[in-house]
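The letter at position 48 of the sequence shown is residue 140 when you use my numbering, and the numbering goes up by one with no holes. Virtual Cβ for every residue (Gly too), placed ideally from N, Cα, C. If you're wondering where the values come from, they're calculated on a predicted model, not measured in any experiment. Data block below; observations after.
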Amino acid sequence: MPGHGVVEDPVTGSLNAGIAQWLTGNGTLPASYVARQGTAIGRAGRVHVDTDDDGTIWVGGDTRLTVTGTVDVGD
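As structure tokens, then:
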């Protein structure tokens, strides 16, 4: 939500897993490919996507720690 002071997530594995199921399932993309995200906001990333013969989607890539902290959810 960049318009509300929340920085956009530059690369999202969950999005790529969902879209891979659709795009590899209908033959638009091959079973294995690399997606690029984050370039427009200066945080270029690559997501490696592999689809097994049984339809299992694997998403991977490198990570970089950018924020640390704790959350207190109370009692």
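Can you give me the C-alpha to C-alpha distance between residue i and residue j, rounded to a whole angstrom?
| i | j | result |
| --- | --- | --- |
| Arg156 | Tyr125 | 21 Å |
| Thr116 | Arg128 | 16 Å |
| Ala112 | Gly161 | 32 Å |
| Leu107 | His140 | 12 Å |
| Asn118 | Asp164 | 44 Å |
| Gly105 | Thr131 | 15 Å |
| Thr120 | Asp144 | 16 Å |
Give the range of the beta strand (DSSP E) segment to which residue i is assigned.
| i | result |
| --- | --- |
| Ala127 | Ser124 to Gln129 |
| Ile47 | Since the first residue shown for the chain is 93 and the last is 167, residue 47 is missing from the structure and cannot be characterised. |
| Val141 | Gly137 to Thr143 |
Do residue j and residue i count as a contact pair if the criterion is CB distance below 9 Å?
| i | j | result |
| --- | --- | --- |
| Gly137 | Pro102 | yes |
| Ala91 | Val159 | Given a span of 93 to 167 for the chain in the structure shown, any question on residue 91 remains unanswerable. |
| Ala123 | Asp146 | no |
Tell me the residue span of the alpha helix (DSSP H) that contains residue i.
| i | result |
| --- | --- |
| Thr116 | Gly105 to Gly117 |
Please look up how many angstroms separate the CB atoms of residue i and residue j, rounded, as I've assumed it's under 8 Å.
| i | j | result |
| --- | --- | --- |
| Ile133 | Glu100 | 6 Å |
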